[in-house]
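Q:
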Amino acid sequence: MSETLLSARNLAFELYEVLDAEALTQRPRFAEHTRETFDAALNTARTIAERYFAPHNRKGDEHEPRFENGEAVLIPEVKPAIDAFLEAGFLNANRDFEAGGMQLPTLLSQACFAHFQAANAGTTAYPFLTMGAANLIENFGSEEQKRLFLQPMIDGRFFGTMALTEPHAGSSLADIRTRAEPAGDGSYRLRGNKIFISGGDHSLSENIVHMVLAKLPDAPPGVKGISLFIVPKFLVNADGSLGPRNDVLLAGLFHKMGWRGTTSTALNFGDNGQCVGYLVGKPHQGLACMFQMMNEARIGVGMGAVMLGYAGYLYSLEYARQRPQGRLPDNKDPATAAVPIIQHSDVKRMLLTQKAYVEGAFDLGLYAARLFDETQSGESETVRQQAHELLDLLTPIVKSWPSEFCLKANELAIQILGGHGYTREYPVEQYYRDNRLNPIHEGTHGIQSLDLLGRKLAQNNGAGLKQLVRRIAATCGRAQTHPNLDPLRLPLEQLLSRLQQVTLGLLSDLALGHTTTALANSALYLKAFGHCVIGWRWLEQGIFARQGLATGITADEDFYSGKLQAARYFLTWEVPGCLHELDLLESRDSTCLDMQDRWF
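Numbering-wise, full-length UniProt numbering puts 479 at position 479 of the sequence shown, and it's gapless, one number per residue.
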């Protein structure tokens with residue numbers, strides 16, 4: 001088969017046409033980079049992903065980690081893949097040259113990482129979690145914590161996790177019961193249980209650094225009483241050498257429908273009263289710290305969902321080109337040869353839907369990475385602040401929209417393969433199972449919708465929302481110079497106008513304290529808001545596709561025409577459907593809210 005991870009041509013279109021990655025090389029931080037160094041990093045990522053990650057994707061799914069003698073045992077292929085990833089420098093792609101990093105923009109490091117996410121979600125989770133934990137310690141840890149824990153993580157010797165969820169509480173972090181008692185020497189003794197901790201045990205690294213949420217004895221109730229602690233699997237001596245095993249017990253492994261190559265663990269902290277932890281940041285400020293890792297993870301989960309959808313799309317596309325079956329409706333002669341199924345209109349519909357979902361979401365994920373670069377290296381404080389506000393607003397969309405709609409793309413990939421799609425001889429059923437976990441990873445769709453409507457929209461007096469509206473309007477203004485884009489532009493403008501009206505009403509209700517009714521249908525709101533954002537990103541792609549066609553380069557004509565057709569599909573088939581959902585939101589429809597337990 002041809003491309004199996006992601007389209008190199010589409011990636012180049014995103015990076016160098018839509019998002020202007022080369023402009024970043026004009027900034028002092030990235031001045032030593034060029035398009036050539038960017039492409040070299042991308043080619044290395046693709047090579048390692050294809051050579052080391054993709055080959056054991058199926059094996060990791062069929063042979064899950066085993067619980068043996070209190071330890072998690074993985075298939076042997078995982079370690080060489082991780083080592084190749086580390087040796088190539090991708091664990092520290094964003095870090096300074098002086099710190100052993102590649103000093104790449106986040107836009108490029110995200111594009112590199114996307115190859116690994118498409119190749120093998122289970123194995124990729126281990127460095128993914130480690131990068132987030134390392135960034136957390138770097139931003140909030142003490143100098144001693146950075147020396148003992150961060151540097152070995154940067155070196156790839158220690159890996160990391162995030163330990164939030166508890167059996168009784170689920171996503172309700174306000175109700176966690178893990179406790180941390182001061183030990184009198186600056187450290188703490190933790191006691192509690194955490195579940196669904198990805199990467200919670202393995203032998204891929206010398207040590208595992210758990211970032212654990214717990215409550216101090218004097219903690220106020222709720223989320224305002226949560227503190228953050230470093231809890232290593234092995235204690236670390238003052239000289240950096242490993243000490244004895246900490247009182248962290250692997251109680252067992254969960255066996256999920258997807259991501260089977262990633263250990264999903266139940267961890268007991270302090271069964272023997274000797275679980276040593278170290279406070280990160282200030283007491284009772286742990287959730288504020290952890291939100292950095294959680295938001296990074298949310299964007300990463302969204303991109304992971306995109307790439308699983310993308311892999312399924314590419315596989316079903318190639319299959320549809322190769323699989324002969326049936327004849328076109330106007331051909332009644334059974335003696336004629338069967339046609340490839342890609343010629344059937346309904347198969348085209350399913351492929352076009354996948355393309356619209358995965359390439360729209362891919363653009364959004366990379367756009368979010370570009371925004372993060374603006375927060376770090378934008379030319380002024382105003383630019384950096386604006387980028388931060390917009391990225392904060394878009395984070396629930398970047399996480400949740402791909403988790404829902406790229407999963408739908410996986411469903412369509414299975415359908416295109418027909419009966420074969422449901423068998424394990426073909427990868428599309430695994431892509432679906434792996435992707436089915438993403439709607440719950442790092443906050444469910446419902447939680448993200450509550451965050452968007454209940455918190456993010458009104459944040460900083462609506463600064464992020466105002467920015468988004470301005471940017472969409474600017475894109476629509478540019479699209480007006482291409483009259484043949486009017487059929488695409490007008491549905492987006494109509495949705496944006498309607499969305500603004502409904503949003504103002506919902507925000508007014510929230511300001512008046514009508515919280516329950518205003519948030520009752522927040523999931524519908526996130527869907528409509530997300531479709532508006534993806535529609536905007538498709539109109540952007542449509543503009544650049546039109547400009548590309550104007551160059552007259554024959555080799556790119558099919559690529560740009562495909563972009564315009566996908567934009568046409570999303571903006572004329574998908575976007576108008578949101579108007580009905582906005583009607584339900586505007587009327588404060590209470591169908592779901594009014595349903596009673598006893599009526600089920």
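All residues carry an ideal CB built from backbone N, CA and C; glycine is no exception.
How would you call D373, buried or exposed, if buried means at least 16 neighbouring beta carbons within 10 angstroms?
A: For the purposes of this step, residue 373 is taken as residue 373 along the sequence shown, with counting starting at 1. D373 should be labelled buried.
Q: For the putative contact between L524 and E581, defined by C-beta atoms under 8 angstroms, what is the C-beta separation to the nearest angstrom?
A: To locate residue 524, count along the sequence shown from 1; it is residue 524. To locate residue 581, count along the sequence shown from 1; it is residue 581. Yes, L524 and E581 are in contact; Cβ-Cβ is about 5 angstroms, under 8 angstroms.
Q: Would you give the residue range spanned by the beta strand (DSSP E) that A251 belongs to?
A: For the purposes of this step, residue 251 is taken as the residue at position 251 of the sequence shown. Counting along the chain, the beta strand (DSSP E) containing A251 begins and ends at V248 to F254.
Q: If the criterion is Cβ atoms closer than 8 angstroms, does the pair S205 and T444 meet it?
A: Residue 205 sits at position 205 when you count from the first residue of the sequence shown. Residue 444 sits at position 444 when you count from the first residue of the sequence shown. Their beta carbons are not under 8 angstroms apart, which means S205 does not touch T444 by this criterion.
Q: Helix or strand or just coil, what does DSSP make of S171?
A: Locating residue 171 in the sequence shown gives position 171, counting from the first residue. Correct three-state label for S171: coil.
Q: Can you tell me whether S187 is helix, strand or coil according to DSSP?
A: Counting from one through the sequence shown, the residue named residue 187 turns up at place 187. Here S187 sits in coil by DSSP.
Q: Could you check whether A387 and T375 sit closer than 8 angstroms to each other, using their CB atoms as the reference points?
A: As a working mapping, residue 375 is identified with position 375 in the sequence shown. As a working mapping, residue 387 is identified with position 387 in the sequence shown. Yes, they are a contact pair.
Q: Between the C-alpha atoms of F229 and L317, what's the straight-line distance to the nearest angstrom?
A: For the purposes of this step, residue 229 is taken as residue 229 along the sequence shown, with counting starting at 1. For the purposes of this step, residue 317 is taken as residue 317 along the sequence shown, with counting starting at 1. Approximately 47 angstroms, taken between the alpha carbons.
Q: Applying the criterion that 16 or more other CB atoms from any shown protein chain within 10 Å of the CB defines a buried residue, is K332 buried or exposed?
A: Sequence index remark: in the sequence shown, residue 332 carries index 332 (1-based). Its Cβ having fewer than 16 others within 10 Å, K332 is exposed.
Q: To which residues of the same chain is G252 closer than 7 angstroms at the C-beta, ignoring the five residues directly before and after it?
A: Taking the first residue of the sequence shown as position 1, residue 252 is located at position 252. Same-chain partners within the cutoff: F67 and A266.
Q: If you draw a straight line from the C-alpha of F600 to the C-alpha of L526, how long is it?
A: Position 600 of the sequence shown holds residue 600. Position 526 of the sequence shown holds residue 526. Rounded to whole angstroms, F600 to L526 spans 26 angstroms at the Cα level.
Q: With 16 as the cutoff for other CB atoms within 10 Å, does L371 come out buried or exposed?
A: Taking the first residue of the sequence shown as 1, we reach residue 371 at position 371. Its Cβ being crowded by 16 or more others within 10 Å, L371 is buried.
Q: So is G530 buried or exposed if we call it buried at 16+ other beta carbons inside 10 Å?
A: In the sequence shown, counting from the first residue as 1, residue 530 sits at position 530. With 16 or more Cβ atoms within 10 Å of its Cβ, G530 is classed as buried.
Q: Going by the beta-carbon positions, is the gap between T130 and L104 smaller than 8 angstroms?
A: Locating residue 130 in the sequence shown gives position 130, counting from the first residue. Locating residue 104 in the sequence shown gives position 104, counting from the first residue. Contact flag unset, no.
Q: At 3 residues or longer, what runs of the beta strand (DSSP E) sit wholly inside the region 51-116?
A: Correct list: 66-68 and 71-73.
Q: If I176 and L213 are in contact, beta carbons under 8 angstroms, what's the gap, nearest whole angstrom?
A: For this step, residue 176 is matched to residue 176 along the sequence shown. For this step, residue 213 is matched to residue 213 along the sequence shown. Right, their Cβ atoms sit about 6 angstroms apart.
Q: Do the region 560-580 and the region 509-523 meet, that is, are 3 or more Cβ pairs less than 8 angstroms apart?
A: Not touching, per the Cβ criterion.
Q: Would you identify the three-state DSSP class for T44, choosing helix, strand or coil?
A: The count along the sequence shown starts at 1 and reaches residue 44 at position 44. DSSP places T44 in helix when its eight states are reduced to three.
Q: By alpha-carbon positions, which one of K233, K194 and E98 ends up nearest to F159?
A: By 1-based counting over the sequence shown, the position of residue 159 is 159. It is K233.
Q: My guess is that F53 and A81 are in contact by the Cβ rule of under 8 angstroms, so how many angstroms apart are they, rounded?
A: Residue 53 sits at position 53 when you count from the first residue of the sequence shown. Residue 81 sits at position 81 when you count from the first residue of the sequence shown. Contact flag correct, Cβ pair sits at about 5 angstroms.
Q: Taking L490 as the reference, which of R471, N460 and W536 has the closest Cα?
A: As a first step, residue 490 is located in the sequence shown; it is residue number 490 there, counting from the start. Comparing Cα-Cα distances from L490 to each of R471, N460 and W536, the minimum goes to W536.
Q: Would I154 pass as a contact of V280 if the rule is Cβ separation under 8 angstroms?
A: In the sequence shown, residue 154 corresponds to position 154, counting from 1. In the sequence shown, residue 280 corresponds to position 280, counting from 1. No, the pair does not count as a contact, with Cβ atoms beyond the cut-off.
Q: Give the DSSP-derived three-state secondary structure of S380 in the structure shown.
A: Counting from one through the sequence shown, the residue named residue 380 turns up at place 380. DSSP places S380 in coil when its eight states are reduced to three.
Q: What does a CB cutoff of less than 6 angstroms around M1 pick up in its chain, not counting 5 residues either side in sequence?
A: Against the sequence shown, residue 1 aligns to sequence position 1. Unreliable positioning characterises M1 in this predicted model, as indicated by a pLDDT of 41, which lies under 50. A coordinate reading is not provided.
Q: Inspect the CB distances between the region 577-593 and the region 349-368 and report whether three or more fall short of 8 angstroms.
A: No: fewer than three Cβ pairs fall under 8 angstroms.
Q: Using the Cβ count rule (16 or more neighbours within 10 Å means buried), how would you classify A311?
A: Translated into the one-based positions of the sequence shown, residue 311 becomes position 311. Buried is the call here.
Q: What is the rounded straight-line gap between the Cα of R424 and the Cα of T591?
A: As a working note, residue 424 is residue 424 in the sequence shown. As a working note, residue 591 is residue 591 in the sequence shown. Roughly 40 angstroms between the two C-alpha positions.
Q: Can you tell me which of the three DSSP states M1 falls into?
A: To locate residue 1, count along the sequence shown from 1; it is residue 1. With a pLDDT of 41 at M1, under the threshold of 50, the modelled position of this residue cannot be trusted, and the question is left open.
Q: Please list the terminal residues of the continuous beta strand (DSSP E) segment that includes R575.
A: Translated into the one-based positions of the sequence shown, residue 575 becomes position 575. As written in the sequence, residue 575 is Val, which differs from the Arg given in the question. Premise fails: V575 is in no beta strand (DSSP E) and is neither H nor E.
Q: Let's test the definition: count the other Cβ atoms within 10 Å of the Cβ of G70 and tell me whether it reaches 16, buried, or not, exposed.
A: Start at 1 with the first residue of the sequence shown, and residue 70 comes out as number 70. Its Cβ having fewer than 16 others within 10 Å, G70 is exposed.
Q: Going by the DSSP bridge assignment, what does residue 601 pair with across the sheet?
A: Since the first and last residues shown for the chain are 1 and 600, residue 601 lies out of range.
Q: Give me the DSSP bridge partner(s) of K224.
A: For the purposes of this step, residue 224 is taken as the residue at position 224 of the sequence shown. K224 is not bridged to any residue.
Q: Who are the near neighbours of A45 in its chain, counting only those whose CB is closer than 6 angstroms to its CB and skipping five residues on each side?
A: Taking the first residue of the sequence shown as 1, we reach residue 45 at position 45. Same-chain partners within the cutoff: C112 and H115.
Q: Between P65, D330 and Y367, which lies nearest to V16 when the distance is taken from Cα to Cα?
A: Taking the sequence shown and counting its residues from 1, the one referred to as residue 16 is at position 16. Checking the sequence shown, residue 16 turns out to be Tyr, not Val. Minimum Cα distance to Y16 is reached at Y367.
Q: Quick check on DSSP: helix, strand or coil for F234?
A: As a position in the sequence shown, residue 234 is number 234, starting the count at 1. Three-state result, F234: strand.
Q: Leaving out five residues before and five after L287 in sequence, what residues of the same chain have Cβ atoms less than 6 angstroms from its Cβ?
A: As a position in the sequence shown, residue 287 is number 287, starting the count at 1. Closer than 6 angstroms at the Cβ level, and outside the excluded window around L287, lie V223 and I226.
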